[in-house]
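S.K.: Right, I'll just put the structure down here and ask away after.
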Amino acid sequence: MDVLHERCAGIDIGKADVKVCVRTPARNGRRHNEVRTFSAMTTDLLAMRDWLAAQQVTVVGMEATGSFWKPIFYLLESQVECWLLNAQHMKAVPGRKTDVKDAEWIAKLVEHGLVRPSFVPPQPIRELRDLTRYRTEVVRERTREAQRLHNLLEDAGIKLTSVVSDVLGKSGRAMLEALIGEPYRRHIELLATIPGISPATAEVILAEIGADITQFASAAHLASWAGICPGNYESAGKHGSGATRPGDPWLKGVLGQAAISAARGKDTYLGTRYRRLLVRRGRRRALVALQHSILTAVWHMFTNDLPYRELGGTYFLDRTARTTATRRLIGQLNHLGYQVTLNPLGAA
Numbered sequence: 001m002d003v004l005h006e007r008c009a010g011i012d013i014g015k016a017d018v019k020v021c022v023r024t025p026a027r028n029g030r031r032h033n034e035v036r037t038f039s040a041m042t043t044d045l046l047a048m049r050d051w052l053a054a055q056q057v058t059v060v061g062m063e064a065t066g067s068f069w070k071p072i073f074y075l076l077e078s079q080v081e082c083w084l085l086n087a088q089h090m091k092a093v094p095g096r097k098t099d100v101k102d103a104e105w106i107a108k109l110v111e112h113g114l115v116r117p118s119f120v121p122p123q124p125i126r127e128l129r130d131l132t133r134y135r136t137e138v139v140r141e142r143t144r145e146a147q148r149l150h151n152l153l154e155d156a157g158i159k160l161t162s163v164v165s166d167v168l169g170k171s172g173r174a175m176l177e178a179l180i181g182e183p184y185r186r187h188i189e190l191l192a193t194i195p196g197i198s199p200a201t202a203e204v205i206l207a208e209i210g211a212d213i214t215q216f217a218s219a220a221h222l223a224s225w226a227g228i229c230p231g232n233y234e235s236a237g238k239h240g241s242g243a244t245r246p247g248d249p250w251l252k253g254v255l256g257q258a259a260i261s262a263a264r265g266k267d268t269y270l271g272t273r274y275r276r277l278l279v280r281r282g283r284r285r286a287l288v289a290l291q292h293s294i295l296t297a298v299w300h301m302f303t304n305d306l307p308y309r310e311l312g313g314t315y316f317l318d319r320t321a322r323t324t325a326t327r328r329l330i331g332q333l334n335h336l337g338y339q340v341t342l343n344p345l346g347a348a
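In terms of the UniProt record's numbering, the sequence shown opens at residue 1 and continues consecutively.
Encoded structure:
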């Protein structure tokens, strides 16, 4: 058979490596084969490109195997003529033997022009093709989701389509939000009053702990169940705090995000508490303590149906000043010979 391409190569593409067969003229009119194997890593592919350039290869053929061919094709297309070969077309060519290596077989097909390359558009057209295809996929996915929503509403006996023409329109979305939000609106509103908790965060917290807070006997039980209560260990008669125990990973994750957001508050109780603990305990433990404070507040808010009460950034200073003043006055009365018993004013 006639040789149409004096210097050509065939590439057998695998997931981890590529085998390259280069066919060049030899003495006495014969053909010379040289096969090398390169890994699929970028550095080796660059070495392969340099080797093909050194062999003065003008045409490279490769089989269209999944998407593995793309980085190799794109790497070589600016240097040599690349042929992307259809596997079905290659099988239709007679004469292939089972003991012939794939790379060598591809090189021979290219050498004699026995196959036709598939159309691969240039880079600007490929980028445009990727964009248009992705847009089509997104539109199809949106249509599927809309149909799924229609079916869900029909299964639930909600005839929303008889009221609005477009369920995903402005009016339809408002109705959907009302249907979704009404059962737990009060709980979401309560949670959203806590610094660092957005409505989306509140929804996740509610989904994890539920609306019936009575299933947890106390705030400590809730914190322990969530896994944000430090463990205790005892050694040689001494008690210490240990690592937090395993808990609900979804709840811990969203509480961690809320704690990070709340820690940025400048004139808030949670922000001040974080900065006080940061100096003594470090960032990680300070954030865990903030998660514990947030979840404790959630338990009391749900139990009493009350919004979050902000204690303010000066809470710790006010508490310290009050304690100091109380101790000073008691000391003065003791010095005068009086024994003092303190009772809250409301208990009198």
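The C-beta atom is built at its ideal place from N, Cα and C for all residues, glycine as well.
What would DSSP say about Thr98, mapped onto helix, strand or coil?
M.R.: Walking along the sequence shown from the start, residue 98 turns up at place 98. Confidence in Thr98 is poor, its pLDDT being 47 and thus under 50, which makes the residue's placement too unreliable to answer from.
S.K.: Looking at the strands, I want to know which residues DSSP matches up with Ser39.
M.R.: Against the sequence shown, residue 39 aligns to sequence position 39. The partner list for Ser39 (beta bridge, DSSP) reads Asp17.
S.K.: What does the Cβ neighbour count give for Gly337, buried or exposed, with the cut at 16 atoms within 10 Å?
M.R.: Within the sequence shown, residue 337 is the residue found at index 337, counting from 1. Flag for Gly337 reads exposed.
S.K.: Could you pull out every unbroken alpha helix (DSSP H) segment of at least 4 residues lying fully inside the UniProt domain "Transposase IS110-like N-terminal" (9-155), listed in chain order?
M.R.: 42-54, 69-76, 87-91, 102-112, 123-155
S.K.: Note down, in chain order, each residue of its chain lying with its Cβ closer than 6 Å to the Cβ of Thr201, except the 5 sequence neighbours on either side.
M.R.: Start at 1 with the first residue of the sequence shown, and residue 201 comes out as number 201. Cβ neighbours of Thr201 beyond the five flanking positions: Val254, Ala258.
S.K.: In whole angstroms, what separates the C-alpha of Arg116 from that of Glu81?
M.R.: In the sequence shown, counting from the first residue as 1, residue 116 sits at position 116. In the sequence shown, counting from the first residue as 1, residue 81 sits at position 81. When rounded, the distance between both Cα atoms is 13 Å.
S.K.: According to the neighbour-count rule (16 or more other Cβ atoms, all chains shown, within 10 Å of its Cβ), is Tyr269 buried or exposed?
M.R.: Counted from its first residue, the sequence shown places residue 269 at position 269. Under this definition Tyr269 is a buried residue.
S.K.: How many angstroms separate the CA atom of Ala262 from the CA atom of Ser293?
M.R.: To locate residue 262, count along the sequence shown from 1; it is residue 262. To locate residue 293, count along the sequence shown from 1; it is residue 293. If you take the alpha carbons of Ala262 and Ser293, they lie about 11 Å apart.
S.K.: Would you mind working out which of Leu84, Thr320, Met48, Met41 sits nearest Val35, comparing C-alpha positions?
M.R.: Indexing the sequence shown from 1 puts residue 35 at position 35. The option with the nearest alpha carbon to Val35 is Met48.
S.K.: Measure the Cβ-Cβ separation of Val110 and Cys8 and say whether it is below 7 Å.
M.R.: Looking up residue 110 in the sequence shown gives position 110. Looking up residue 8 in the sequence shown gives position 8. Taking 7 Å as the Cβ cut-off, Val110 and Cys8 qualify as a contacting pair.
S.K.: Going by the beta-carbon positions, is the gap between Cys21 and Ala87 smaller than 7 Å?
M.R.: Here residue 21 refers to the residue found at position 21 when the sequence shown is read from its first residue. Here residue 87 refers to the residue found at position 87 when the sequence shown is read from its first residue. Contact flag unset, no.
S.K.: Counting C-beta neighbours from all protein chains within 10 Å, is the total for His5 16 or more, i.e. buried, or is it exposed?
M.R.: Translated into the one-based positions of the sequence shown, residue 5 becomes position 5. Its Cβ being crowded by 16 or more others within 10 Å, His5 is buried.
S.K.: Return the first residue and the last residue of the alpha helix (DSSP H) that Tyr269 is part of.
M.R.: Taking the first residue of the sequence shown as 1, we reach residue 269 at position 269. Taken as a continuous stretch (DSSP letters only), the alpha helix (DSSP H) holding Tyr269 covers 269-281.
S.K.: Along the chain, where does the alpha helix (DSSP H) containing Lys170 start, and where does it finish?
M.R.: One-based indexing of the sequence shown puts residue 170 at position 170. For Lys170, the uninterrupted alpha helix (DSSP H) segment begins and ends at 170-181.
S.K.: Could you check if Trp250 is buried or exposed, using at least 16 other CB atoms within 10 Å of its CB as the buried criterion?
M.R.: Position 250 of the sequence shown, counted from the start, is the residue given in the question as residue 250. Under this definition Trp250 is an exposed residue.
S.K.: Could you check if Ala174 is buried or exposed, using at least 16 other CB atoms within 10 Å of its CB as the buried criterion?
M.R.: Against the sequence shown, residue 174 aligns to sequence position 174. Exposed, by the Cβ-count rule.
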